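Number of protein chains: 2
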Amino acid sequence: MAKPASEPIAQHVPVVAVVLAAGFGTRFDPDNPKQLVAVGGKPIVCWSIEAFEQCARVSDIVVVVNPKVRGEVESLIDEAGYAKVRVVIDGGSERVDSTAAALDTLAAAGIPDDAKILIHDAVRPFVAQSAIDGSIDALDQFKAATVAFASTDTVLLTEDLGDRKVVKSVPDRPNTYRAQTPQSFRFATIRHAYDLASADPDFHPTDDTRVVVDYLPDEPVAIVSGAETNLKITTLADIPTAERIAEQLLGRDAHGVSGVVGRGAVDPKEEARARMHALLAQAAGQMRR
Amino acid sequence: MAKPASEPIAQHVPVVAVVLAAGFGTRFDPDNPKQLVAVGGKPIVCWSIEAFEQCARVSDIVVVVNPKVRGEVESLIDEAGYAKVRVVIDGGSERVDSTAAALDTLAAAGIPDDAKILIHDAVRPFVAQSAIDGSIDALDQFKAATVAFASTDTVLLTEDLGDRKVVKSVPDRPNTYRAQTPQSFRFATIRHAYDLASADPDFHPTDDTRVVVDYLPDEPVAIVSGAETNLKITTLADIPTAERIAEQLLGRDAHGVSGVVGRGAVDPKEEARARMHALLAQAAGQMRR
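Heads up: the sequence lines are chains S and F, in that order. In case it helps, the working numbering puts the first sequence at residues 1 to 289. In case it helps, the working numbering puts the second sequence at residues 290 to 578.
See below:
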């Protein structure tokens, strides 16, 4: 396929971030969805979207929401002028349903098989640019990768013995990692894994990597270095730690390291629509190769 | 064996806490060993010792130190008047060496086979009384138990592929726990496991539970509920979180929930010596059953 010389993004394939903001954490304040809580004065979902806005190699962002917060999330996106957000879609009741919804949308848009898809939990607001870059790089060598952080605690694998959990095995600590996000895949790979998984009604993974590991066992999934600060905000008890990290990051902002997102000169919603059309056209072209 | 009616501890067997303070964390400030750093105005090692002092069911405490900090730790114990500390012994270069040293000391003291041994990392200063009680209770049903906290992150088990870590498997999240301490054992059980392990020069576990799991695979190890606050202080970055937890606990202290440790009316060192003699005598009696 001939690539138009004027294509704004230098890389060969689209790099699409899918920001999953559909969870309705039952362990959190039920009246105040955690992805909308502000830390460092900014809603958690905005931190996550901005991480991908700031990475020049990410071409497009898809945001997956719970229908109950759609209005608020759309307002936040409009106000901040996130130029790469192409579409806000409704997720499902479980994490896998939300990922599946995003994959269906991308398939309907005719995204190419070799597009790089970075799936990120919105409630991990402090993902580092190095983790995003590392994920994009890893997909040049592997078809799947996940950001993960080496466990400092020994991990125990358990089983049930009556009404009690007992230890089944203790894996070597250097080979135990705590999964973080983004979890990244070539589009055809994650799509294929989800197709296989959808035939299994008992499959409810908490993790996209697992879909590949379990259904495409011959496909190695690379580990990309995460960080302790890439924490998942699960309960209200996580907020003080999150505030401290936000404070550190905003301190850096004042010195110009981040904070590149601002209102564009053009209407961001108009621009986003135009770019979604461009994406669709580009994707449709690449699909035919 | 006839039990003397005047025995001060109501329970049948000694309950010995082994506080491991021998680590010299290379990830921490090398000039300031982490177990001596103060949080909430109190050295970390003191928090850990006090947790077992405060539990009425714990009869004796053995503290394992690095020879370099022995003087300071002994001074802290004397100043605080910890009445249950029987002996301060030198640990080894690895965690297993320190546990082995404690087990040798207990064996030399003729401690009974069914004594309950609670092995605790000094750098987990905020262990809850419920975790200690739960450990002692679990040993009525099991010969080994460990405090552990259910992982909120998905755990990935990895393997090496060239110079890269790749995911080998993704265990079910409800069956993944992060090991904490205390890890508790009937004395004969942990002693037997260590005897078997000592024959294997390649065995360097980071965890006492693993010694039992690997060398006595038919012996179930029960999980006792831990808590997020029972954190392991590994790097300087953990100190702000530790300070916050200390603040909360000290706030509770002001309302009389804890803080039971104070100077006794008698010279604590003298009392400790007397009690070690009593322990030895009691242990020697019980060994013959």
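By construction, the Cβ of each residue, glycine as well, lies at the ideal position given by its N, Cα and C atoms. A quick note: this is a predicted structure, and the numbers were derived from the prediction, not measured.
Opening and closing residue of the alpha helix (DSSP H) in which alanine 227 (chain S) lies: For the purposes of this step, residue 227 (chain S) is taken as the residue at position 227 of the first sequence. Note, alanine 227 (chain S): premise wrong, no alpha helix (DSSP H); not H, not E.
Helix, strand or coil: how does DSSP classify leucine 236 (chain S) here? Within the first sequence, numbered from 1, the residue matching residue 236 (chain S) stands at position 236. Looking at leucine 236 (chain S) - three-state DSSP - the assignment turns out to be helix.
Using CA atoms only, rank isn't needed, just tell me which of S:Phe52, S:Phe203 and S:Asn230 is closest to arginine 95 (chain S). Looking up residue 95 (chain S) in the first sequence gives position 95. For the residues S:Phe52, S:Phe203 and S:Asn230, the minimum Cα distance to arginine 95 (chain S) belongs to S:Phe203.
Against glutamate 448 (chain F), what residues of chain S qualify as contacts under a CB-to-CB distance less than 8 angstroms, listed in chain order? As a working mapping, residue 448 (chain F) is identified with position 159 in the second sequence. Going along chain S in sequence order, the residues near glutamate 448 (chain F) (Cβ under 8 angstroms) are Asn175.
Is the shortest distance between the beta-carbon of proline 220 (chain S) and the beta-carbons of chain F less than 8 angstroms? The count along the first sequence starts at 1 and reaches residue 220 (chain S) at position 220. Judged by the 8 angstroms Cβ criterion, proline 220 (chain S) is in contact with chain F.
Tell me whether proline 268 (chain S) is buried or exposed, calling it buried when 16 or more other Cβ atoms sit within 10 Å of its Cβ. Along the first sequence, one-based indexing puts residue 268 (chain S) at 268. For proline 268 (chain S), the predicted structure reports a pLDDT of 45, less than 50, and the residue's modelled location is therefore unreliable. A value from the coordinates is still provided. With 16 or more other CB atoms across the displayed protein chains lying within 10 angstroms of its CB, proline 268 (chain S) is buried.
Determine whether the Cβ of alanine 306 (chain F) lies closer than 8 angstroms to any Cβ atom of chain S. Residue mapping note: residue 306 (chain F) aligns to position 17 of the second sequence, counting from 1. It does not; no Cβ of chain S falls within 8 angstroms.
At what residues does the beta strand (DSSP E) containing aspartate 461 (chain F) begin and finish? As a working mapping, residue 461 (chain F) is identified with position 172 in the second sequence. Per DSSP, aspartate 461 (chain F) belongs to no beta strand (DSSP E) and is neither H nor E.
Taking a contact to mean a Cβ-Cβ separation below 8 angstroms, would you say leucine 76 (chain S) touches cysteine 55 (chain S) in this structure? Reading the first sequence from its first residue, position 76 is the one you call residue 76 (chain S). Reading the first sequence from its first residue, position 55 is the one you call residue 55 (chain S). Leucine 76 (chain S) places its beta carbon 8 angstroms or farther from that of cysteine 55 (chain S).
Closest to histidine 192 (chain S) by CA distance: which of S:Ser169, S:Arg178 and S:Pro217 is it? As a first step, residue 192 (chain S) must be located in the first sequence, where it is residue number 192. For histidine 192 (chain S), the nearest C-alpha among the options comes from S:Pro217.
Contact check, lysine 454 (chain F) vs threonine 447 (chain F) under 8 angstroms by CB: the rounded distance? The count along the second sequence starts at 1 and reaches residue 454 (chain F) at position 165. The count along the second sequence starts at 1 and reaches residue 447 (chain F) at position 158. The Cβ separation is near 4 angstroms, so the contact holds.
CB of aspartate 121 (chain S) within 8 angstroms of CB of lysine 84 (chain S), strictly: Counting from 1 along the first sequence, the entry for residue 121 (chain S) is found at position 121. Counting from 1 along the first sequence, the entry for residue 84 (chain S) is found at position 84. Cβ atoms of aspartate 121 (chain S) and lysine 84 (chain S): not closer than 8 angstroms.
Exposed or buried, asparagine 519 (chain F), counting other C-beta atoms within 10 Å across all chains shown (16 or more means buried)? Translated into positions along the second sequence, residue 519 (chain F) becomes position 230. Buried: at least 16 other Cβ atoms inside 10 Å.
Could you tell me whether the segment 467-475 of chain F touches the segment 496-516 of chain F, where touching means 3 or more Cβ pairs closer than 8 angstroms? At 8 angstroms Cβ cutoff, the stretches touch.
Cα-Cα separation, serine 337 (chain F) to leucine 309 (chain F): Your numbering for residue 337 (chain F) matches position 48 in the second sequence. Your numbering for residue 309 (chain F) matches position 20 in the second sequence. So the alpha carbons of these two residues sit roughly 10 angstroms apart.
Please list the terminal residues of the continuous alpha helix (DSSP H) segment that includes arginine 384 (chain F). Here residue 384 (chain F) refers to the residue found at position 95 of the second sequence. Where arginine 384 (chain F) is concerned, the enclosing alpha helix (DSSP H) stretches over 384-397.
Inter-residue Cα distance where the pair is isoleucine 333 (chain F) and glutamate 72 (chain S): On the second sequence, position 44 is the one that residue 333 (chain F) refers to. On the first sequence, position 72 is the one that residue 72 (chain S) refers to. Rounded to the nearest angstrom, the two C-alpha atoms are 45 angstroms apart.
From the DSSP output, read off the bridge partner residues of glutamine 141 (chain S). Against the first sequence, residue 141 (chain S) aligns to sequence position 141. Bridge pairing for glutamine 141 (chain S): absent [DSSP].
Are any of the Cβ atoms in chain F nearer than 8 angstroms to that of leucine 76 (chain S)? Position 76 of the first sequence holds residue 76 (chain S). Chain F, which has no Cβ nearer than 8 angstroms to the Cβ of leucine 76 (chain S), makes this no.
So who's on the other strand from glutamate 219 (chain S), going by DSSP bridges? Position 219 of the first sequence, counted from the start, is the residue given in the question as residue 219 (chain S). BP columns for glutamate 219 (chain S) are empty, so no partner.
Distance between beta carbons of valine 347 (chain F) and valine 302 (chain F), contact taken as under 8 angstroms: Working through the second sequence from its first residue, we reach residue 302 (chain F) at position 13. Working through the second sequence from its first residue, we reach residue 347 (chain F) at position 58. Not quite, the Cβ-Cβ distance comes to about 12 angstroms (not below 8 angstroms), so this is no contact.
Integer-rounded CB distance, given that leucine 196 (chain S) should sit under 8 angstroms from tyrosine 215 (chain S): In the first sequence, counting from the first residue as 1, residue 215 (chain S) sits at position 215. In the first sequence, counting from the first residue as 1, residue 196 (chain S) sits at position 196. That pair is a contact at about 4 angstroms.
From the DSSP output, read off the bridge partner residues of valine 436 (chain F). The count along the second sequence starts at 1 and reaches residue 436 (chain F) at position 147. F:Val513.
In whole angstroms, give me the CA-to-CA distance for alanine 615 (chain F) and aspartate 426 (chain F). What is shown of chain F runs 290 to 578, which leaves residue 615 (chain F) out entirely.
Can you look up phenylalanine 474 (chain F) in the DSSP assignment and give me helix, strand or coil? Numbered from 1 along the second sequence, position 185 holds the residue referred to as residue 474 (chain F). DSSP places phenylalanine 474 (chain F) within a strand segment (E or B) once states are collapsed to three.
Taking DSSP as the reference, what is the three-state secondary structure of valine 45 (chain S)? Indexing the first sequence from 1 puts residue 45 (chain S) at position 45. If DSSP states are grouped into helix, strand and coil, valine 45 (chain S) belongs with the helices.
Under the three-state reduction of DSSP, which class applies to aspartate 327 (chain F): helix, strand or coil? Your numbering for residue 327 (chain F) matches position 38 in the second sequence. Residue identity differs from the one stated: residue 327 (chain F) is alanine in this sequence, not aspartate. Alanine 327 (chain F) falls in the strand class under three-state DSSP.
Measuring CB to CB, does isoleucine 89 (chain S) end up less than 8 angstroms from valine 123 (chain S)? Position 89 of the first sequence, counting from 1, holds the residue named residue 89 (chain S). Position 123 of the first sequence, counting from 1, holds the residue named residue 123 (chain S). The criterion of a C-beta distance shorter than 8 angstroms is not satisfied by isoleucine 89 (chain S) and valine 123 (chain S).
Below 8 angstroms on the Cβ atoms is my guess for serine 514 (chain F) versus glycine 423 (chain F); work out the distance and round it to an integer in Å. Indexing the second sequence from 1 puts residue 514 (chain F) at position 225. Indexing the second sequence from 1 puts residue 423 (chain F) at position 134. Yes, they are in contact, since the Cβ atoms of serine 514 (chain F) and glycine 423 (chain F) sit about 6 angstroms apart, within 8 angstroms.
Can you name, in chain order, every residue of its own chain whose Cβ lies under 6 angstroms from the Cβ of valine 328 (chain F), other than the five neighbours on each side? Working through the second sequence from its first residue, we reach residue 328 (chain F) at position 39. Result list for valine 328 (chain F): Ala531, Glu532 and Ala535, in chain order.
Would lysine 323 (chain F) pass as an interface residue toward chain S - the criterion being a Cβ-Cβ separation below 8 angstroms? Stepping through the second sequence from its first residue, residue 323 (chain F) is reached at position 34. Nearest CB-CB separation between lysine 323 (chain F) and chain S: not below the 8 angstroms threshold.
Could you name the residues of chain S that glutamate 517 (chain F) contacts, counting a contact when the two beta carbons are closer than 8 angstroms? Walking along the second sequence from the start, residue 517 (chain F) turns up at place 228. Within 8 angstroms Cβ-Cβ: Ala237.
Same chain, Cβ closer than 7 angstroms to serine 169 (chain S), neighbours up to 5 away in sequence not counted: Translated into the one-based positions of the first sequence, residue 169 (chain S) becomes position 169. Within the same chain, Leu157 come within 7 angstroms of serine 169 (chain S) by CB-CB distance, once the 5 residues on both sides are set aside.
What three-state label does DSSP hand glycine 262 (chain S) in the structure shown? Taking the first sequence and counting its residues from 1, one reaches residue 262 (chain S) at position 262. In this predicted model, glycine 262 (chain S) has a pLDDT of only 35, less than 50, meaning its place in the structure is not dependable enough to derive any value.
Contact with chain F by lysine 165 (chain S), beta-carbon distance below 8 angstroms: Residue mapping note: residue 165 (chain S) aligns to position 165 of the first sequence, counting from 1. Chain F, which has a Cβ nearer than 8 angstroms to the Cβ of lysine 165 (chain S), makes this yes.
Please list the partners that valine 502 (chain F) has in chain S, where partner means a Cβ-to-Cβ separation under 9 angstroms. Counting from 1 along the second sequence, the entry for residue 502 (chain F) is found at position 213. Residues of chain S whose Cβ lies closer than 9 angstroms to the Cβ of valine 502 (chain F) are, in chain order, Leu156, Val167, Lys168, Ser169 and Val170.
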